[in-house]
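> Under full-length UniProt numbering, think of the first position of the sequence shown as 1, with each following residue one higher. The structure is given below, and queries will be raised subsequently.
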Amino acid sequence: MQVSRGIDLVYGGGGIGLMGLLSQAVHHGGRRVVGVIPRTLATAPEIIGETVGEVVAVPDMHQRKAEMARQSDAFMALPGGYGTLEELLEVITWAQLGIHCKPVGLLNVDGYYDSLLAFIDQAMEEGFISPSARRIIVQAPTAQELMDKLEEYVPYYDRVASGLNWETRVVVVKDAVADSGISVSSI
């Protein structure tokens, strides 16, 4: 599918699961494959399996997602577990905040994501997610249909903090809260 469309793959690295199979197919089809792996996992082949293509080692999981997002033109979630959900929700949130305007797609094979989509629709009905933020996600039951939707995607968001500089940098702030011994962290 991706090979015939001339699409490269940026993914979380490794050779196991559906993404492992996809990475091998894209690589054997002559397209570029970039696996972005935290340094700790890069030294644990028993966890990630055999990686194909280019490997980019990053310090941690957050930098992994940031690097994958930086190198990608769109995001596609295949059926998966906690890691897939965590990555999916982060790129949706980044779109909602205006950090990117790239399409986010779910390969909803056999209704795999129906429960998640129902949850999101319920959150929208109850006012926790805006209708425009709901439109960030596209889904389809087949790879062909999903690729078509991702290519046709036109971003539309209201209530987005557009025009802000989202470059990551560390800022150390010393104030009364820091002096109180209370630990404050932001995500």
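Note that the Cβ used here is the ideal one computed from N, Cα and C, for glycine as well. Just so we're clear, the structure is a prediction, and the values are computed from it rather than from any experiment.
#1: Between the segment 3-17 and the segment 62-69, do at least 3 Cβ pairs fall closer than 8 Å?
#2: Alpha carbon to alpha carbon, how far is M61 from T142? Give it in angstroms, no decimals.
#3: With a cut-off of 8 Å, do at least 3 Cβ pairs link the segment 133-151 to the segment 87-98?
#4: When you compare the CB positions of E50 and G15, do they come within less than 8 Å of one another, or not?
#5: Could you have a look at E126 and say whether DSSP puts it in helix, strand or coil?
#6: Run through DSSP, which three-state label would V173 get?
#7: Rank Y156, Q144 and Y153 by C-alpha distance to the C-alpha of R5 and give the top, closest one.
#8: What distance in whole Å lies between the Cβ atoms of V55 and G35, which are believed to be in contact at a cut-off of 8 Å?
#9: Rounded to the nearest angstrom, what separates K65 and I99 at their Cα positions?
#10: From Q24, A95 and E125, pick the residue whose C-alpha is nearest to that of F75; which is it?
#11: Work out the CA separation of P155 and M19 for me, nearest whole Å.
#12: Suppose only complete runs of 4+ residues qualify. What are the alpha helix (DSSP H) ranges in the segment 51-134, listed by chain order?
#13: According to DSSP, is V154 part of a helix, a strand, or is it coil?
#14: Please identify the residue among Y113, D73, F119 and V58 whose C-alpha is closest to the C-alpha of P38.
#15: Quick check on DSSP: helix, strand or coil for A140?
#16: Return the chain-ordered list of same chain residues with a C-beta closer than 7 Å to the C-beta of Y153, the five sequence neighbours on each side being excluded.
Judging by the given coordinates:
#1: Touching, yes, given that three or more Cβ pairs across the two stretches are closer than 8 Å.
#2: Here residue 142 corresponds to residue number 142 of the sequence shown, with the count starting at 1. Here residue 61 corresponds to residue number 61 of the sequence shown, with the count starting at 1. Roughly 29 Å between the two C-alpha positions.
#3: Because the criterion of three Cβ pairs below 8 Å is met, the segment 133-151 and the segment 87-98 touch.
#4: Translated into the one-based positions of the sequence shown, residue 50 becomes position 50. Translated into the one-based positions of the sequence shown, residue 15 becomes position 15. E50 places its beta carbon less than 8 Å from that of G15.
#5: In the sequence shown, counting from the first residue as 1, residue 126 sits at position 126. Reduced to three states, the DSSP call for E126 is coil.
#6: Sequence index remark: in the sequence shown, residue 173 carries index 173 (1-based). Any reading at V173 needs caution, since the residue's pLDDT is 45, under 50, leaving its predicted position unreliable; the model's value is listed next. V173 falls in the coil class under three-state DSSP.
#7: To locate residue 5, count along the sequence shown from 1; it is residue 5. Taking each of Y156, Q144 and Y153 in turn and checking the Cα distance to R5, the smallest one comes out for Q144.
#8: One-based indexing of the sequence shown puts residue 35 at position 35. One-based indexing of the sequence shown puts residue 55 at position 55. Contact flag correct, Cβ pair sits at about 5 Å.
#9: Here residue 65 is taken as the residue at index 65 of the sequence shown, counted from 1. Here residue 99 is taken as the residue at index 99 of the sequence shown, counted from 1. Taking C-alpha positions only, K65 is separated from I99 by approximately 13 Å.
#10: Mapped onto the sequence shown, residue 75 falls at position 75. Out of Q24, A95 and E125, A95 has the C-alpha closest to the C-alpha of F75.
#11: The residue you call residue 19 lines up with position 19 of the sequence shown. The residue you call residue 155 lines up with position 155 of the sequence shown. In this model, M19 and P155 are separated by some 26 Å (Cα to Cα).
#12: For the segment 51-134, whole alpha helix (DSSP H) runs of length 4 or above, ordered along the chain, are 61-71, 82-97, 114-125 and 131-134.
#13: Position 154 of the sequence shown, counted from the first residue, corresponds to residue 154. The three-state secondary structure of V154, taken from DSSP, is coil.
#14: Against the sequence shown, residue 38 aligns to sequence position 38. Here the closest residue by C-alpha is V58.
#15: The residue given as residue 140 occupies position 140 in the sequence shown. Of the three classes helix, strand and coil, the one that applies to A140 here is strand, per DSSP.
#16: Taking the first residue of the sequence shown as position 1, residue 153 is located at position 153. Taking C-beta separations shorter than 7 Å and ignoring five residues to either side along the sequence, the partners of Y153 in its chain run P103 and V138, following chain order.
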